[in-house]
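Asks: Handing you this structure, nothing more for now.
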Amino acid sequence: MTDGTDTRTQIMAAFADQLAGTGYAGISLVGVAGTVGIRKPSIYHHFPGGKEDLYRAVAREFIGNLHLRIRKAVDTEGSLDDRLTALAVACSEDHGSSISFEQRIYDALDQVGDTTRDEISALYVREVLSPVVVLFEGAVTGDELTGDPQFLMNAFLHLARATDLAGGADNARRITQLFLNGARPRARPM
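Residue numbers for the sequence shown, in the working numbering: 183 to 372.
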């Protein structure tokens with residue numbers, strides 16, 4: 183017999199696996215319960231709001247973990263190149279899925295209630311996007327990069343998320359250099 187915390191964790195893991203595989207609409211709480219080895223009503227003991235409560239808990243956990251990786255990358259000692267390479271590694275996914283888990287979290291926002299959508303959206307902006315914008319604001323202010331920090335953040339994160347970790351840090355460095363080649367100030371001809 184497992185304790186409540188372990189069962190809750192197992193329920194969240196089974197839900198996350200289904201979310202990654204089928205998206206929010208394809209999730210079956212009966213399937214989640216079967217994966218964990220419990221009956222469906224037991225899910226409601228841990229998540230009284232059912233599927234949406236589970237989504238909220240899984241999304242919070244994912245965003246929290248991503249935030250920790252991003253903070254570590256942004257706080258990396260060294261050059262902007264070093265921090266961006268660390269950020270590319272922090273934001274890329276290594277499972278090779280055609281649709282990232284982060285995208286599944288985002289796509290589900292259209293299928294949950296307004297309160298959940300607003301909470302998860304605000305959490306994502308605060309914990310994931312804002313630290314990266316601050317990094318780019320500092321790089322623009324310090325004349326290391328040129329452009330709008332929001333645009334730079336968005337462009338870099340899209341590149342980073344496309345990084346194939348099969349190539350490891352080498353691919354992250356390639357992505358960083360590709361980005362920096364387009365974002366660094368150009369010398370003006372005399």
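From the three backbone atoms N, C-alpha and C, an ideal C-beta is built for every residue, glycine too.
Given the structure is predicted, the values throughout are model-derived calculations rather than measurements.
1) Considering only residues of the region 232-256, which uninterrupted alpha helix (DSSP H) runs meet the minimum length of 4 residues and lie entirely inside it, listed in chain order?
2) Between which two residues does the alpha helix (DSSP H) containing Arg-299 stretch?
3) Considering Cα atoms alone, identify which of Lys-254, Ala-351, Phe-244, Ala-365 is closest to Arg-286.
4) What number of angstroms, rounded off, separates the C-alpha of Ile-225 from the C-alpha of Asp-289?
5) Which residue from Asn-353, Arg-190, Asn-363, Gly-203 puts its Cα closest to that of Thr-328?
6) Span of the alpha helix (DSSP H) holding Ile-220?
7) If you follow the alpha helix (DSSP H) that Asp-289 is part of, which residue opens it and which one closes it?
8) For Asp-325, I'd like the list of residues in its chain whose CB is within less than 8 Å of its CB, leaving aside the five on either flank, ordered along the chain.
9) Can you give the Cα-Cα distance for Met-194 and Leu-236, rounded to whole angstroms?
Replies: On the basis of the data shown:
1) Within the region 232-256, the complete alpha helix (DSSP H) runs of at least 4 residues are 233-256.
2) Here residue 299 refers to the residue found at position 117 when the sequence shown is read from its first residue. 296-306 is the extent of the alpha helix (DSSP H) around Arg-299.
3) As a working mapping, residue 286 is identified with position 104 in the sequence shown. The shortest C-alpha separation from Arg-286 is found at Phe-244.
4) In the sequence shown, residue 225 corresponds to position 43, counting from 1. In the sequence shown, residue 289 corresponds to position 107, counting from 1. For Ile-225 and Asp-289, the distance between alpha carbons rounds to 23 Å.
5) What you label residue 328 is simply residue 146 of the sequence shown in a count that begins at 1. With distances taken between Cα atoms, Thr-328 lies closest to Asn-363.
6) Sequence index remark: in the sequence shown, residue 220 carries index 38 (1-based). No alpha helix (DSSP H) contains Ile-220, which DSSP labels as neither H nor E.
7) In the sequence shown, residue 289 corresponds to position 107, counting from 1. Run containing Asp-289: 283-290, per the alpha helix (DSSP H) assignment.
8) In the sequence shown, the residue the question calls residue 325 occupies position 143. Result list for Asp-325: Pro-367, in chain order.
9) Here residue 194 is taken as the residue at index 12 of the sequence shown, counted from 1. Here residue 236 is taken as the residue at index 54 of the sequence shown, counted from 1. The alpha-carbon atoms of Met-194 and Leu-236 are separated by roughly 7 Å.
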